[in-house]
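Student: Here the sequence shown stands for residues 1 to 136, where the numbers follow UniProt numbering.
One structure is given below, represented as C-alpha cells, and several questions about it will come after.
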Amino acid sequence: MPMPRGVRGGILRNARAWNSLLKEQVPVPVYHPTPSQTRLATQLTEEEQIRIAQRIGLIQHLPKGVYDPGRDGSEKKIRECVICMMDFVYGDPIRFLPCMHIYHLDCIDDWLMRSFTCPSCMEPVDAALLSSYETN
Ligand SMILES: [Zn+2]
Ligand SMILES: [Zn+2]
1 MPMPRGVRGG
11 ILRNARAWNS
21 LLKEQVPVPV
31 YHPTPSQTRL
41 ATQLTEEEQI
51 RIAQRIGLIQ
61 HLPKGVYDPG
71 RDGSEKKIRE
81 CVICMMDFVY
91 GDPIRFLPCM
101 HIYHLDCIDD
111 WLMRSFTCPS
121 CMEPVDAALL
131 SSYETN
C-alpha cells in the first residue's frame, strides 16, 4: 500500500534526524527491532533504522498534552499510568492513544518502540493511525 505523500516526507525527515542523532548521541540508545532482539542503535541495519525512524514518526503523530484532572475529558477516568504503575500528577506530560487510553509521554514512547499496541486494551496503534490518514 503506497503511503500518503505527507507521511513519506515526514519519514524521510525523521530518517535524517535519526541518522544525525546516531552520530551525536553518546551513550548509544538501545532499541528493540523486534521484541526478541535487543541491539545498540549503531548495530542496526539501514532497513531497521528506517523502520525505527518510521515508527518514531508515527508516535510523534499521536496527540500529547499535560495531565489535568480538573478538565473534562477521558483522562478524568484514568488516574494511573499502567506502564510504570504511578498515579498521574497534575502537569505530567502525557500521550493519548487512538483508543483514548493515556500514559506518561516517556513511558508510552518507550513502550511503542517495542510494541505498537496499547498496553491496556492491546488495540494496534498503527491501524488507527493509518485509517485516520486515509480519512483526512
Ligand atoms: Zn508512566
Ligand atoms: Zn487502549
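Note that the Cβ used here is the ideal one computed from N, Cα and C, for glycine as well.
Closer than 7 Å: is that where the CB of C81 sits relative to any heavy atom of ligand 2?
Tutor: For the purposes of this step, residue 81 is identified with residue 81 of the sequence shown, where counting begins at 1. C81 Cβ: outside cutoff for every heavy atom of ligand 2.
Student: How is V125 classed by DSSP in three states: helix, strand or coil?
Tutor: The residue labelled residue 125 in the question sits at position 125 within the sequence shown. Helix.
Student: Can you tell me which of the three DSSP states D87 falls into?
Tutor: Taking the sequence shown and counting its residues from 1, one reaches residue 87 at position 87. In this structure, D87 counts as strand in the three-state DSSP scheme.
Student: Using a Cβ-based criterion (distance less than 7 Å to any ligand heavy atom), does S115 qualify as near ligand 2?
Tutor: Counted from its first residue, the sequence shown places residue 115 at position 115. No, the Cβ of S115 stays beyond 7 Å of every heavy atom of ligand 2.
Student: What are the start and end residues of the beta strand (DSSP E) that includes R95?
Tutor: Numbered from its first residue, the sequence shown carries residue 95 at position 95. Element bounds for R95: 93–96.
Student: For Y103, which option in I50, I59, F88, P124 has the closest C-alpha, if you only look at C-alpha atoms?
Tutor: Reading the sequence shown from its first residue, position 103 is the one you call residue 103. Among I50, I59, F88, P124, the Cα nearest to that of Y103 is on F88.
Student: Measuring CB to CB, does F116 end up less than 8 Å from D109?
Tutor: Position 116 of the sequence shown, counting from 1, holds the residue named residue 116. Position 109 of the sequence shown, counting from 1, holds the residue named residue 109. In this structure, D109 does not lie closer than 8 Å to F116 by Cβ.
Student: What would DSSP say about G65, mapped onto helix, strand or coil?
Tutor: Position 65 of the sequence shown, counting from 1, holds the residue named residue 65. DSSP places G65 in strand when its eight states are reduced to three.
Student: Give the single residue among M86, R79, Y90 whose Cα lies nearest to the Cα of H101.
Tutor: Position 101 of the sequence shown holds residue 101. Residue R79 is the option with its Cα nearest to H101.
Student: If I measure Cβ to Cβ from P63 and keep anything under 6 Å in the same chain, skipping five residues before and after, which residues do I get?
Tutor: Sequence index remark: in the sequence shown, residue 63 carries index 63 (1-based). If we look at P63 and ignore the five residues flanking it on each side, its Cβ neighbours are F96.
Student: DSSP on C99, reduced to helix/strand/coil?
Tutor: In the sequence shown, the residue the question calls residue 99 occupies position 99. Coil at C99, not helix or strand.
Student: With DSSP run on the structure shown, which of helix, strand or coil describes T117?
Tutor: Residue 117 sits at position 117 when you count from the first residue of the sequence shown. It is a strand residue.
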